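Asker: Pasting a structure here, questions to come.
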Amino acid sequence: MSLDVLYFAWVRERIGLPKERVETGADTVSGLVDELVAREERYAAAFADRSALRVAVDQELADFDAPLTGVREVAFFPPMTGG
Amino acid sequence: MSLDVLYFAWVRERIGLPKERVETGADTVSGLVDELVAREERYAAAFADRSALRVAVDQELADFDAPLTGVREVAFFPPMTGG
Amino acid sequence: MAVRVQAAPFDLGAEVTAFAEGRTDLGAVVTFTGLVRADGGATAMEIEHYPGMTERAIAAIADEAARRWSLGDVLVIHRHGRMAPGEAIMMVATAARHRADAFAAAEFLMDYLKSRAPFWKKELGPDGAAWVAAKDADESALERWSGGT
Amino acid sequence: MAVRVQAAPFDLGAEVTAFAEGRTDLGAVVTFTGLVRADGGATAMEIEHYPGMTERAIAAIADEAARRWSLGDVLVIHRHGRMAPGEAIMMVATAARHRADAFAAAEFLMDYLKSRAPFWKKELGPDGAAWVAAKDADESALERWSGGT
C-alpha cells in the first residue's frame, strides 16, 4: 500500500522535506517508522527518540501501534506548542 | 460623639434616607444599632436581622462589635452583589 | 494598575486593545466582562455603590491579586447607575507572562469584586423592581483563595 | 461556535466587541489572548501548523468544552506564520450565563490548544532560530480535566 507521510517542525527539518508518498508493507505506524529509519541516516536521526515524537493518523492523534489498514495519511511531529 | 451614618440598597429604602448625622453614646457598631432601633419602627425593620447586614467603618468592612472611638463614618448595607 | 468606577458605558474593544498594548514582556491576557441578562423579562439593571469606599475596596482587591500572582498589569472597570440588557456592567483584565497567573488573578478579582466591593444590583422587570440577593455560592467562592496560592 | 486558523493578524478589540453582541441571555464573557514575548531578545515568532488537521482538532476541543459546560458561544482564533513581539498569536472567547462556566471553559480550551492542536512555535532571536520545547507543565495541566467537571 502507499500513503502520504507528513513531517512537521524539527522532524521536517531533519528529514528535509514536508511530505512524501511512501510505499510500505508495514501493518502499524511503528512498522512504517522502522522502514523509514532503515532508509537513510536523516530518518534515523529524526526518529532516534520516538518518545519525543507524536503521530497523527488521518489527521487524528494516534499511537505508534496504530494499524495502517485503510490509512491515507500519517504525520510525525514533536509535541505541540500552540496557544 | 457624632458621626455620619450611611445606608445603601434596601437598608436605605427601609429607613428612607441615604445618610444622616447621628449623635451617639455607643461604644461599638452594635450599640449604635441598638440606639437606632429604639428610635423608630423603620429602623427596627431595617435592622431586624443583623446577620443579613454588612457594616463598613470609615469605608472598610468591619464587624458589628467594631469600636466607634475616633470613627467618622459608619455604613450599613446588605451583602454586596457587584461583578 | 487602573481602577475606574463610572456611570458611563465603556468601550470593551478599545479597553482590551489598549490593555497590554506595546508590552513585549507579557504572554497572556485574560479578560472577564459581566453583562446584564434579561432574566425573566428584566428590562433594566440599576447598580448602587458607595462612593469613596468603592475605588478603595477595588484597589485593595487588585493589590492583593498583584501580591499573590506575578502580573504585568491589572484593569478593573465597574459601572453604576442604570443599564439595559446586553450592556456591559464591568470588566477585569489581567496580564502576565504565563496564562496560569492571568487566569487565577482574573478569577480571584471576580470572586472578591462580587462580594467584597460595595455594589448592589437591582433588577427592573415586568413585576417591578427587586434587589438581587447575594448567593451562598458567591460567598463560598472566596474560600478557595484562603489557603494561599 | 467559530474556529478560525489564519496567517493574518486579527483585531482583538473588534472580535471581543462582536462576540456575544446582542445577546441578552449571557452574563459572562471570558477571553484569553496569547501574545509574542520578546524573551531573551527574540525578534520574531514563527508558527507552523498542520493544515486540515488544525481546524478539526480545534473544533473537537471546542465541542468537548461545549459538552462539559453550559456555554452560549465559543470563539477560537489561532494564527500561523511569522509574527513580531507584542503581536497576538491567538485568542479564545467563551460566553455563558455564569462566570464559573465561562472561566472553566476558557482554561480548558487553552490547556488543550497548547498541547493537542497541531501548532509548533519557533523563536527567532540573536542566536538564530530555535523550536520552542513543550513543557511538562503543559502536559500535566491536562490532568486536572480528566476527572470530569
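Protein chains in written order, with my numbering: chain R, 3 to 85; chain D, 3 to 85; chain A, -14 to 134; chain W, -14 to 134. The C-beta atom is built at its ideal place from N, Cα and C for all residues, glycine as well. None of the values given here were measured: they were computed from a predicted structure.
1) Does residue 34(D) get closer than 8 Å to chain A when you measure Cβ to Cβ?
2) What first and last residue would you give for the beta strand (DSSP E) that runs through residue 75(D)?
3) If you measure from the beta carbon of residue 22(A) to each beta carbon in chain D, is any gap under 8 Å?
4) Between the alpha carbons of residue 6(A) and residue 21(W), how many angstroms are there, rounded?
5) Is it true that the CB of residue 39(A) sits closer than 8 Å to the CB of residue 102(A)?
6) Since residue 18(A) meets chain W, which of its residues come closer than 7 Å, beta carbon to beta carbon?
7) Return helix, strand or coil for residue 24(A), following the three-state DSSP convention.
8) Below 7 Å on C-beta distance, what does residue 31(A) contact in chain D?
9) Rounding to the nearest angstrom, what Cα-Cα distance links residue 41(D) and residue 19(D) in this structure?
10) Nearest to residue 33(R) by alpha carbon, out of 16(R), 15(R), 44(R), 52(R)?
11) Verify the CB distance criterion: does residue 83(D) have a CB-CB separation below 8 Å to chain A?
12) Only counting the same chain, and skipping five residues up and downstream in sequence, which positions put a Cβ closer than 6 Å to that of residue 90(A)?
13) Rounded to whole angstroms, what is the Cα-Cα separation between residue 130(A) and residue 15(R)?
14) Quick check: the region 8 to 15 of chain W against the region 80 to 88 of chain W, are there 3 or more CB pairs under 8 Å?
15) How would you call residue -14(A), buried or exposed, if buried means at least 16 neighbouring beta carbons within 10 angstroms?
16) Can you find a CB in chain A that lies within less than 8 Å of the CB of residue 78(D)?
17) What does DSSP give as the partner residue(s) for residue 21(D) in the beta ladder?
18) Output, in sequence order along the chain, the residues in the region 98 to 111 of chain A whose CB is closer than 9 Å to any CB in chain D.
19) Using CA atoms only, rank isn't needed, just tell me which of 78(R), 85(R), 17(R) is closest to residue 47(R).
20) Could you please tell me which residues of the region 45 to 62 of chain A, in chain order, have their CB closer than 7 Å to any CB of chain W?
21) Just to confirm the assignment, what range does the alpha helix (DSSP H) spanning residue 55(R) have?
22) For a test of the three-state rule: what should DSSP assign to residue 130(A), helix, strand or coil?
23) Excluding the five sequence neighbours on either side, which residues of its own chain have a C-beta within less than 8 Å of the C-beta of residue 107(A), listed in chain order?
24) Please list the segments of the alpha helix (DSSP H) lying wholly inside the region 59 to 101 of chain W, counting only runs of 4 or more residues, in order along the chain.
25) Could you name the residues of chain W that residue 68(R) contacts, counting a contact when the two beta carbons are closer than 9 Å?
26) Out of curiosity, what's the CA-to-CA distance linking residue 3(R) and residue 70(R)?
27) With distances taken from CA atoms, which of 22(D), 77(D), 5(D) is nearest residue 55(D)?
28) Start and end of the alpha helix (DSSP H) containing residue 6(W)?
Answerer: In terms of the structure at hand:
1) It does not: the Cβ of residue 34(D) has no partner Cβ on chain A nearer than 8 Å.
2) Element bounds for residue 75(D): 75 to 79.
3) So, not an interface residue.
4) One C-alpha to the other measures close to 12 Å.
5) Yes, the Cβ-Cβ distance between residue 102(A) and residue 39(A) is below 8 Å.
6) Within chain W, the C-beta atoms nearer than 7 Å to that of residue 18(A) come from 14, in chain order.
7) Residue 24(A): helix per DSSP, three-state reduction.
8) None at all; the shortest Cβ gap to chain D is about 10 Å.
9) The alpha-carbon atoms of residue 41(D) and residue 19(D) are separated by roughly 15 Å.
10) With distances taken between CA atoms, residue 33(R) lies nearest to 52(R) out of 16(R), 15(R), 44(R), 52(R).
11) Yes - at least one Cβ of chain A is within 8 Å of the one on residue 83(D).
12) Within the same chain, residue 90(A) has close Cβ partners 50, 54, 56, 79.
13) So the alpha carbons of these two residues sit roughly 46 Å apart.
14) The region 8 to 15 of chain W is in contact with the region 80 to 88 of chain W.
15) Exposed, since its Cβ has fewer than 16 Cβ neighbours within 10 Å.
16) No, residue 78(D) lies away from the interface with chain A (no Cβ there is under 8 Å from its Cβ).
17) According to DSSP, residue 21(D) bridges with 8(D).
18) Within the region 98 to 111 of chain A, the qualifying residues are 98, 99, 100, 101, 102, 103, 104, 105, 106, 107.
19) Per the Cα distances, 17(R).
20) Using a CB distance below 7 Å, no part of the region 45 to 62 of chain A faces chain W.
21) Segment: none, residue 55(R) is in no alpha helix (DSSP H) and carries neither H nor E.
22) If DSSP states are grouped into helix, strand and coil, residue 130(A) belongs with the helices.
23) Excluding sequence positions up to five before and after residue 107(A), its CB lies within less than 8 Å of the CB of 30, 31, 32, 33, 114, 115, 116, 117, all in the same chain and listed in chain order.
24) Counting whole runs of 4 or more residues, the region 59 to 101 of chain W contains the alpha helix (DSSP H) stretches 84 to 101.
25) Within 9 Å Cβ-Cβ: nothing; residue 68(R) doesn't reach chain W, min ~15 Å.
26) For residue 3(R) and residue 70(R), the distance between alpha carbons rounds to 9 Å.
27) Minimum Cα-Cα distance from residue 55(D) among the listed residues 22(D), 77(D), 5(D) corresponds to 77(D).
28) Note, residue 6(W): premise wrong, no alpha helix (DSSP H); not H, not E.
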